[in-house]
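Heads up, the thing below is written out as structure tokens.
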Amino acid sequence: MTTAAPSLFPVPEARAGTGSRAAADRPRWELPSLAGLLIATAVLLLWDLGSSGYANSFYSAAVQAGSESWKAFFFGSSDAGNSITVDKPPAALWPMMLSVRLFGLGSWQILVPQALMGVATTGVLYAAVRRQFGPGAGLLSGAAFALTPVAALMFRFNNPDALLTLLLTVTVYCVLRALDGARTRWLVWAGVAVGFAFLTKTLQAFVILPPLALLYAVCAPTRLRKRLGQLLLAGLAMVVAGGWWVAIVELWPASSRPYIGGSQNNSFLELTLGYNGLGRINGNETGSVGGGGRGGAGGGGGGWGETGIDRLFAGNIGGQISWLLPAALVLLVAGLVVTWRARRATDSLEGMARAAFLAWGGSMLITAVVFSYMQGIFHEYYTVALAPFVAALIGMGAAVLWEERGGKAAAITLSGTIALTAVWSFVLLGRATGYLPWLRWAVLVGGLLAAAALPFAARAGRRALQATAVLGVAAVLAGPFAYCLTTVSAAHTGSIVTAGPAVAGGRGGPGGMMGGPGGPGGTGGFGEMPQGVQGRQGGMPNGGRQGGQQGGRPQGAMPQGAMPQGAMPPGGMPQGQGGRGGERFGGGGQGGPGGLLNGARVSAEAKKVLTTGADAYTWAAAAIGSQNAASYQLASGVPVMPIGGFNGSDPSPTLEQFQKYVRDGKIHWFIGQSTGAGDAEGGMPGGGRGGPGGPGGGTSTEIETWIKANFKESTVGGATFYDLTAPTT
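Position 391 of the sequence shown, counted from 1, bears residue number 391 in the working numbering, the numbering being contiguous throughout.
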């Protein structure tokens, strides 16, 4: 590469015989700048972290259970009585469980490990990019990642995606270290990272394997036989790191372990290949909130939005991840063009630079394609997995084009990328009505000025060139930075959350779908329907309309039948209002199904009833649906059995099993439908039942029917309680 003028990306010389930059002779500003980046990332992710309360109470309840029971810790059980697990493997829960064991139960104790994972991801990304492209590129990549809105959201939340993103970043880093000299141990470490990523979110961990394995098989600087042997060793490490837990679970007698949540046959392998695996691709997710096998409208995304190559740019998804995605695509192509003259092997700086573009770019492209066309459950926050890949390409591509800016093609490409990003930011900022209107124009004008001036700035001297570059960077990062500030300044609770402000046709805003409170200090957001099914023609059944501007959501109509199958029980919604100040759901002032995708607010009376004599029972109570049960468990600190798992559709327990638990005196209370005002805090009839969404819907209904016929109901703090120790007959 040639340098036409003093560079903002000072790059040390390569070590002799390697494809990485020397660690010696670091510029004096590098370490202070890196420290500043990591500290700023930590501040962003830790700012007012406790405002989200228990965030996703589904996982917080499992964390609380694992902090009290080592068996629940190992399996990832929803309750300390070990009736059922969450619908994911437990690796993402383990750091939070350890934190709560050490420091007690609370919002900060649950969420701080997630925030630290965000800081760690920024550091790993910096280290990976810096090795081939210098400290300036590493800092730019780290900043681009930290300022990705969906990253600012998910590293302040307790879903598994935070740990998954960190492990995927570590995987690419290790593969690149392995390519630099064909080092077996680094490739083995990559396999270990993928194995633990599998224990975090099952098959999503394998999405990036094809491009990385192919890259190593073709480009590693050693003979083919050794390359293939190294890949086999890495595969073995992956199987061991991810398979030990699976083997124990599958060999453990089913009668003495919790039911595998999300499965229909109490099998983790079924969960992995079905609901959490191929079902996400083809939409056949038996027992899920979507009911399995639903045909979709439009592009075929079912209740989860239209599929297609534009999915990541459309609606609310664009504001989560796509700010720098067009630039990353351009810079990927540009970087490959510049480095393609390098020979195949990666024992040179240019060869490793090309390998880095292929590794990060291949991971980004295959992940983007899967997200764009998957027909099963798809949430906007899944796109956080793309954030490190996009950010790496931004830093690497900018560094390469900056070094080559003396050439006309490189200068025009760099200027065009800045202009393209500024225009796209202008579009994204305009999707949120009334959101900082001055900012979108400042971004557009600043970006276009920087793009126009960049080819000529070198002639005006070093300071003019640097000022132009700073203006360009500020313009392209200002939009996502504003979204990040909006994200960290609001509480986020529930099962479906999004970054930034509300946008037309998107879920938007801080709350979870069909909000309710998420924990101490948290407020439940009045969420919306699966992406792509609202804000269009038609209206909700009975003419109801979505939550209005008061709650920070755009008003928008919903087509009839847009709600996922199983999300609304027969008989409609309970009485009550949506959380976080939203307008009431429907013309009759009916609340959303908070018991499905967010929890209930538990009264002091209910806490007292649950905790009185709780030590005499395995479960102080049972409730249909994990979110509803989680709310009572987190509020009272005693185990509450979630009948039917997450949305009440898992066949666990069966009616016969439940009757035996009652006869053996293991369950004290059943928490049923709230009465009016109680449901305002988020409860579906039956305590959040998923309805006919899967085979277990019948099991949940059978249990509730049997209870109502044999036990007397009473009202406790607005909720309906049944004393299972006092039958009526």
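Yeah, the Cβ is synthetic: ideal placement off N, Cα and C, and Gly gets one too.
What whole-angstrom Cβ distance do residue i and residue j have, given they're in contact under 8 Å?
{"i": "Gly447", "j": "Thr421", "result": "7 Å"}
{"i": "Phe268", "j": "Ile260", "result": "5 Å"}
{"i": "Ala334", "j": "Gly397", "result": "6 Å"}
{"i": "Leu325", "j": "Val218", "result": "About 26 Å separates the two Cβ atoms, so there is no contact after all."}
{"i": "Tyr483", "j": "Ala499", "result": "6 Å"}
{"i": "Pro90", "j": "Gly76", "result": "3 Å"}
{"i": "Trp669", "j": "Asp723", "result": "6 Å"}
{"i": "Ser631", "j": "Ser57", "result": "6 Å"}
{"i": "Ala92", "j": "Thr202", "result": "The Cβ separation is near 11 Å, so there is no contact."}
{"i": "Pro258", "j": "Asn82", "result": "4 Å"}
{"i": "Val638", "j": "Ala620", "result": "4 Å"}
{"i": "Thr433", "j": "Ala368", "result": "Between Ala368 and Thr433 the Cβ distance is about 28 Å, and since that is not below 8 Å, they are no contact."}
{"i": "Gln320", "j": "Val150", "result": "4 Å"}
Excluding five sequence neighbours on each side, which residues of the same chain lie with their C-beta closer than 7 Å to the C-beta of residue i?
{"i": "Phe658", "result": "Ile703"}
{"i": "Glu605", "result": "Val716 and Gly717"}
{"i": "Leu105", "result": "Gln64 and Ser67"}
{"i": "Ser372", "result": "Thr307, Gly308, Ile309, Arg311 and Leu312"}
{"i": "Thr184", "result": "Gln230 and Leu233"}
Taking the beta strand (DSSP E) that residue i belongs to, which residues open and close that run?
{"i": "Ala623", "result": "Trp619 to Ile624"}
{"i": "Tyr722", "result": "Ala719 to Pro727"}
{"i": "Ser77", "result": "Per DSSP, Ser77 belongs to no beta strand (DSSP E) and is neither H nor E."}
{"i": "Ser714", "result": "Phe711 to Val716"}
{"i": "Pro642", "result": "Val640 to Ile643"}
Starting from residue i, trace the alpha helix (DSSP H) both ways and give me its first and last residue.
{"i": "Ala368", "result": "Leu349 to Tyr373"}
{"i": "Ala220", "result": "First-last for Ala220: undefined, no H or E at that position."}
{"i": "Tyr54", "result": "Counting along the chain, Tyr54 falls outside any alpha helix (DSSP H), and DSSP gives it neither H nor E."}
{"i": "Gly36", "result": "Glu30 to Leu46"}
{"i": "Thr486", "result": "Arg462 to Val488"}
{"i": "Asp161", "result": "Asp161 to Leu179"}
{"i": "Pro95", "result": "Leu93 to Phe103"}
{"i": "Ile412", "result": "Lys408 to Gly430"}
{"i": "Thr200", "result": "Thr184 to Lys201"}
{"i": "Glu270", "result": "Phe268 to Leu273"}
{"i": "Ala458", "result": "Run containing Ala458: none; DSSP gives neither H nor E here."}
{"i": "Ala328", "result": "Leu325 to Thr339"}
{"i": "Lys608", "result": "Ala604 to Thr611"}
{"i": "Thr122", "result": "Ser107 to Ala146"}
Assign residue i to buried or exposed, taking buried as 16 or more other Cβ atoms, counted over all protein chains shown, within 10 Å of its Cβ.
{"i": "Pro653", "result": "buried"}
{"i": "Pro135", "result": "buried"}
{"i": "Gly645", "result": "buried"}
{"i": "Asn159", "result": "buried"}
{"i": "Ala709", "result": "exposed"}
{"i": "Gly305", "result": "buried"}
{"i": "Phe456", "result": "exposed"}
{"i": "Ile248", "result": "exposed"}
{"i": "Thr85", "result": "buried"}
{"i": "Ile624", "result": "buried"}
{"i": "Gly538", "result": "Low local confidence applies: a pLDDT of 31 at Gly538 is under 50, so the model's placement there is unreliable, with the coordinate-based value given in what follows. It counts as exposed."}
{"i": "Phe103", "result": "exposed"}
{"i": "Asn316", "result": "buried"}
{"i": "Ala409", "result": "exposed"}
Leaving aside the five residues before and after residue i along the sequence, list all residues of the same chain whose C-beta is less than 8 Å from its C-beta, in chain order.
{"i": "Met364", "result": "Ala328, Leu332, Leu386, Phe389, Val390 and Leu393"}
{"i": "Leu215", "result": "Val175, Leu179, Ala355, Leu358, Ala359 and Gly362"}
{"i": "Arg440", "result": "Ser425, Phe426, Leu429, Gly430 and Gly479"}
{"i": "Arg459", "result": "none"}
Taking residue i as the reference, which of the options has the closest Cα?
{"i": "Leu449", "options": "Pro437, Lys71 and Ser415", "result": "Ser415"}
{"i": "Arg26", "options": "Leu203, Val662, Arg130 and Ile643", "result": "Arg130"}
{"i": "Glu656", "options": "Gln633, Ser649 and Thr699", "result": "Thr699"}
{"i": "Gly318", "options": "Ala353, Leu429 and Asn82", "result": "Leu429"}
{"i": "Tyr381", "options": "Phe481, Ala410, Ser322 and Gly279", "result": "Ser322"}
{"i": "Gly279", "options": "Val370, Met352 and Ser255", "result": "Val370"}
{"i": "Ala356", "options": "Val175, Trp29 and Val609", "result": "Val175"}
{"i": "Ser425", "options": "Gly406, Ala475, Gly434 and Glu403", "result": "Ala475"}
{"i": "Ser489", "options": "Gly50, Asn316, Val119 and Trp70", "result": "Gly50"}
{"i": "Trp186", "options": "Arg227, Thr367 and Ala151", "result": "Arg227"}
{"i": "Leu44", "options": "Met97, Leu116 and Val100", "result": "Leu116"}
{"i": "Ala146", "options": "Ser603, Met641, Ala621 and Leu485", "result": "Leu485"}
{"i": "Leu31", "options": "Gly123, His492 and Ser69", "result": "Gly123"}
Who are the near neighbours of residue i in its chain, counting only those whose CB is closer than 6 Å to its CB and skipping five residues on each side?
{"i": "Ala205", "result": "Val194, Ala197 and Phe198"}
{"i": "Ala237", "result": "Val188, Gly191 and Val192"}
{"i": "Gly262", "result": "Asp87, Leu271 and Tyr275"}
{"i": "Thr339", "result": "Glu350, Ala353 and Arg354"}
{"i": "Leu465", "result": "Ala457 and Ala458"}
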